[in-house]
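Chains as they are written, first to last, in my numbering: chain R, 55 to 313; chain Z, 9 to 274. Built from N, CA and C at the ideal position, the CB exists for glycine as well. Here the structure comes first, spelled out in structure tokens, and everything after it is commentary.
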Ligand SMILES: Nc1ncnc2c1ncn2[C@@H]1O[C@H](COP(=O)(O)OP(=O)(O)OP(=O)(O)O)[C@@H](O)[C@H]1O
Ligand SMILES: [Mg+2]
């Protein structure tokens, strides 16, 4: 009997938190469309989430493409179809690896920092101070991040794709001897606009997931996740794990819907 | 202006506030004293609506804080100043930007006027010369004073101070109490000062309320409190019996100096 009661209590707590989390996203979307917009903060966050992530995106994108070049070539040449290396590299990057890997990189680099920053503002009562000035914390702390990620994420993903395709070219064409014309020619004929749009939709939704989870975890530090420095570190870890898991889950859902 | 009625608040099974009732009339300033952990900060947070009561009500200027929302809440908060116990300065902004922030966001003043106001306010709290430092680069007492400047810069009608002088040396502490008093004379705000600065603060307040065991144990004028025979009250104002004589003879414990003099001292 007690066992069932505990189970009920625990599920109620989680259900309530899910409700709070959903409400958090709704409120954020609401304040995106209700002016005034804090434009300089949006620019600052684009710089932080977008611009400052480019180096890590270029690096990982390049290596992902090079690995694809190797693996793709060896798999395809077993069936004597190494001419299709271009489409293989292009499609995997554009439809899957580009959006997913760049989202995971942005989670680790920018998402964690956003959680920590908002979490520290929460526990040192800076969020309360903002509220007491009659200023809306969503407008100042959350909305700029959401807008910045919606602008940055597709661009970062596109960069990841391009540098990945060049990485595949480097390995497939320069090192393993596929002809450049075949690599790009076959790619161009097999990759549709639909595939590219799929990648863009994915990267947009992953961006929203990152900001949603990371801002939520920061915003409720000390309320749902412990106090003090330990609370912030817990919130940050949880944010990174949760958004990574949600990105992969949502990727599955989107792929099966868009397939 | 502020009416607290039967306020009850439970934290993790511990009842911190157990039916607090307290009224502050318009233009009145009261001191709120009480032991560490007695719930003074919690009480102030209920007054501004940062915490919601489990039972009881908080009425500020005729509005119930637990049901007030949206635009009404914002417009009430625009008239309200709050000094956090820990300062709560925005740590990504300099002292100047912190004090300028509410002016920039809430008023249409131009940059020149804002600059003037902020420098003036910072001079009042003795922070000239530290305008462009970040909160992590200044001392705890300086953070307190910067936060005080930020709370006062909007000329609030209701001012709540959570330990404005804790962590300050006696000279600056006295100067800050003096500053609060002169601000009160200028703006005639309604105020609650949470403090351990007994009996110094008695000179600038109309009444003293003491929070003990979750209720307002005593609520009286400073003079009456000084001559109280209740043991717990005596323990608080205890050895200051002789200063009550000073008080009655009209001498102020907080020395009245001109602002320039204070700044020199600081
Ligand atoms: N957010 C919270 N969650 C749980 N308990 C809390 C919370 N805030 C305060 N408390 C508890 O309420 C009690 C009163 O705290 P409060 O900060 O109001 O004390 P105080 O009177 O301001 O003390 P001090 O003079 O040291 O500042 C403490 O026992 C504290 O543990
Ligand atoms: Mg306190």
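Cβ atoms of residue j and residue i: under 8 Å apart, would you say?
| i | j | result |
| --- | --- | --- |
| residue 66(Z) | residue 12(Z) | yes |
| residue 237(R) | residue 151(R) | no |
| residue 185(Z) | residue 166(Z) | no |
| residue 91(Z) | residue 168(Z) | yes |
| residue 150(Z) | residue 138(Z) | yes |
| residue 273(R) | residue 201(R) | no |
| residue 122(Z) | residue 114(Z) | no |
| residue 63(Z) | residue 31(Z) | no |
| residue 86(Z) | residue 253(R) | no |
| residue 256(R) | residue 153(R) | yes |
| residue 68(Z) | residue 146(Z) | no |
| residue 157(R) | residue 250(R) | no |
| residue 124(R) | residue 225(R) | yes |
Just the Cα atoms here: how many angstroms apart are residue i and residue j?
| i | j | result |
| --- | --- | --- |
| residue 96(R) | residue 194(R) | 9 Å |
| residue 81(Z) | residue 240(Z) | 38 Å |
| residue 296(R) | residue 82(R) | 19 Å |
| residue 127(Z) | residue 155(R) | 49 Å |
| residue 93(Z) | residue 170(Z) | 5 Å |
| residue 221(R) | residue 262(R) | 28 Å |
| residue 72(R) | residue 191(R) | 20 Å |
| residue 308(R) | residue 101(R) | 28 Å |
| residue 141(Z) | residue 102(Z) | 5 Å |
| residue 252(Z) | residue 58(Z) | Residue confidence for residue 252(Z) is low, a pLDDT of 42 falling below 50, so the modelled location carries little weight and cannot support an answer. |
| residue 219(R) | residue 144(R) | 6 Å |
| residue 114(R) | residue 162(Z) | 50 Å |
| residue 182(R) | residue 175(R) | 9 Å |
| residue 159(Z) | residue 89(Z) | 5 Å |
| residue 148(Z) | residue 69(R) | 41 Å |
| residue 270(Z) | residue 133(Z) | Confidence at residue 270(Z) is low in this model, with a pLDDT of 44, below 50, so its placement is unreliable and the value that follows should be read with caution. Near 9 Å, if we compare the C-alpha coordinates of residue 133(Z) and residue 270(Z). |
| residue 287(R) | residue 74(Z) | 32 Å |
| residue 284(R) | residue 167(R) | 15 Å |
| residue 29(Z) | residue 180(R) | 29 Å |
| residue 169(R) | residue 267(R) | 9 Å |
| residue 190(Z) | residue 41(Z) | 21 Å |
Heavy atom of ligand 2 less than 7 Å from the Cβ of residue i, yes or no?
| i | result |
| --- | --- |
| residue 178(R) | no |
| residue 48(Z) | yes |
| residue 205(Z) | no |
| residue 170(Z) | yes |
| residue 99(R) | no |
| residue 93(Z) | yes |
Tell me whether residue i, by its Cβ, gets closer than 7 Å to a heavy atom of ligand 4.
| i | result |
| --- | --- |
| residue 273(R) | Judged by which ligands are present, ligand 4 is missing from the structure shown, whose ligands are ligand 1 and ligand 2. |
Taking Cβ positions only, does residue i come closer than 8 Å to chain Z?
| i | result |
| --- | --- |
| residue 187(R) | yes |
| residue 287(R) | no |
| residue 182(R) | yes |
| residue 150(R) | no |
| residue 284(R) | no |
| residue 176(R) | no |
| residue 179(R) | yes |
| residue 58(R) | no |
Is residue i near ligand 1, going by C-beta to nearest heavy atom under 7 Å?
| i | result |
| --- | --- |
| residue 145(Z) | no |
| residue 24(Z) | yes |
| residue 19(Z) | yes |
| residue 42(Z) | yes |
| residue 45(Z) | yes |
Let me check understanding here. Comparing Cα to Cα, which of the options lies closest to residue i?
| i | options | result |
| --- | --- | --- |
| residue 275(R) | 289(R), 265(R) and 267(R) | 289(R) |
| residue 154(Z) | 131(Z), 164(Z) and 163(Z) | 131(Z) |
| residue 55(Z) | 157(R), 186(R) and 137(R) | 186(R) |
| residue 34(Z) | 19(Z), 147(Z), 157(Z) and 199(Z) | 199(Z) |
| residue 217(Z) | 125(Z), 105(Z) and 38(Z) | 38(Z) |
| residue 160(R) | 258(R), 179(R), 245(R) and 149(R) | 258(R) |
| residue 156(Z) | 177(Z), 144(Z), 118(Z) and 187(Z) | 187(Z) |
| residue 241(R) | 215(R), 116(R), 199(R) and 291(R) | 215(R) |
| residue 46(Z) | 224(Z), 237(Z), 220(Z) and 244(Z) | 220(Z) |
Below 8 Å on C-beta distance, what does residue i contact in chain C?
| i | result |
| --- | --- |
| residue 85(Z) | The structure shown contains no chain C; the protein chains it does contain are R and Z. |
Less than 8 Å between CB atoms is the rule here; does residue i satisfy it with respect to chain R?
| i | result |
| --- | --- |
| residue 94(Z) | yes |
| residue 139(Z) | no |
| residue 22(Z) | no |
| residue 12(Z) | no |
| residue 169(Z) | no |
| residue 112(Z) | no |
| residue 115(Z) | no |
| residue 104(Z) | no |
| residue 121(Z) | no |
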